Amino acid sequence: GAGVSQSPSNKVTEKGKDVELRCDPISGHTALYWYRQRLGQGLEFLIYFQGNSAPDKSGLPSDRFSAERTGESVSTLTIQRTQQEDSAVYLCASSSRKGGSSYEQYFGPGTRLTVT
Amino acid sequence: AQSVTQPDIHITVSEGASLELRCNYSYGATPYLFWYVQSPGQGLQLLLKYFSGDTLVQGIKGFEAEFKRSQSSFNLRKPSVHWSDAAEYFCAVVLYSSASKIIFGSGTRLSIRP
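So the protein sequences, as listed, match chains A and B. Number 116 marks the last residue of the first sequence (my numbering); no jumps. Number 1114 marks the last residue of the second sequence (my numbering); no jumps.
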């Protein structure tokens, strides 16, 4: 079956513009996660969805960042008034909450965001 | 604070040599433990995971890891590396009581010497 997909794969934007990043999780996966990976660094948790609700938004770095999920499927991460420090790869992951695999997350290929 | 430490930023080993990548975590309870690999230009792939039971777990691509509670460690090993193992390796934990997020280590970049 299809894995996690993300679009666009690359995005170059000017400082101050808004961007939207999309994630399509694996069908049937109720949990969805967003992470940020800056160049040469590890993954930084941003937000977690269970269904359409977000019980953990603790990783969102500022109020310029927001995310939503509809229909227990697609999620959109929005960054308003982008800054150069927002340049990173944004990774999405999904997981099933069934049985022993409930904590295994499947990652998408990421969206590389460059803010000029 | 909760944390995952990978003390080696970059390791180079010769092809055919053995490999051990270190990972230490700091939590009060036993977490769920993972190793992921990220090859250049590719997404993260799960190598192996530990939830409970046997502390030596086998993964894909010939990797294994051993959970040592006394040392709060979950080191990744491979008896003989291949050139295709060159990649970035991330150790990660999920708290038993919370499935909300994975805490990742900063990663270890593995280079293979021909």
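C-beta: ideal position from N, C-alpha, C; glycine also. Because the structure is a prediction, the values reported are computed rather than measured.
In whole angstroms, what is the alpha-carbon distance linking residue i and residue j?
| i | j | result |
| --- | --- | --- |
| residue 92/A | residue 1113/B | 33 Å |
| residue 100/A | residue 1110/B | With a pLDDT of 48 at residue 100/A, under the threshold of 50, the predicted position of this residue should be treated as unreliable, though the coordinate-derived value follows. Residue 100/A and residue 1110/B: Cα-Cα distance of roughly 30 Å. |
| residue 1009/B | residue 112/A | 23 Å |
| residue 69/A | residue 1014/B | 46 Å |
| residue 1057/B | residue 1048/B | 7 Å |
In the DSSP assignment, find the beta strand (DSSP E) that holds residue i and state where it starts and stops.
| i | result |
| --- | --- |
| residue 60/A | Looking at the DSSP string, residue 60/A is not in any beta strand (DSSP E), and its letter there is neither H nor E. |
| residue 11/A | 10–13 |
| residue 23/A | 19–24 |
Say whether chain B places a C-beta atom closer than 8 Å to the C-beta of residue i.
| i | result |
| --- | --- |
| residue 85/A | no |
| residue 11/A | no |
| residue 43/A | yes |
| residue 68/A | no |
| residue 80/A | no |
| residue 109/A | yes |
Does the beta carbon of residue i come closer than 8 Å to any beta carbon on chain A?
| i | result |
| --- | --- |
| residue 1074/B | no |
| residue 1059/B | no |
| residue 1053/B | no |
| residue 1046/B | yes |
Just checking residue i against the ligand NAD - is the residue's beta carbon closer than 7 Å to any of the ligand's heavy atoms?
| i | result |
| --- | --- |
| residue 74/A | Only the bare structure without any ligand can be found here, which leaves the ligand NAD out of the picture. |
Shortest alpha-carbon distance to residue i belongs to which of the options?
| i | options | result |
| --- | --- | --- |
| residue 2/A | 108/A, 14/A and 16/A | 108/A |
| residue 6/A | 38/A, 22/A and 18/A | 22/A |
| residue 15/A | 95/A, 46/A and 83/A | 83/A |
| residue 40/A | 51/A, 115/A and 88/A | 88/A |
| residue 1088/B | 1020/B, 1040/B and 1025/B | 1040/B |
| residue 1011/B | 1077/B, 1102/B, 1092/B and 1093/B | 1077/B |
So, using beta-carbon positions, are residue i and residue j closer together than 8 Å?
| i | j | result |
| --- | --- | --- |
| residue 73/A | residue 49/A | no |
| residue 1004/B | residue 1104/B | yes |
| residue 1074/B | residue 1023/B | yes |
| residue 1029/B | residue 1081/B | no |
| residue 78/A | residue 18/A | yes |
| residue 33/A | residue 80/A | no |
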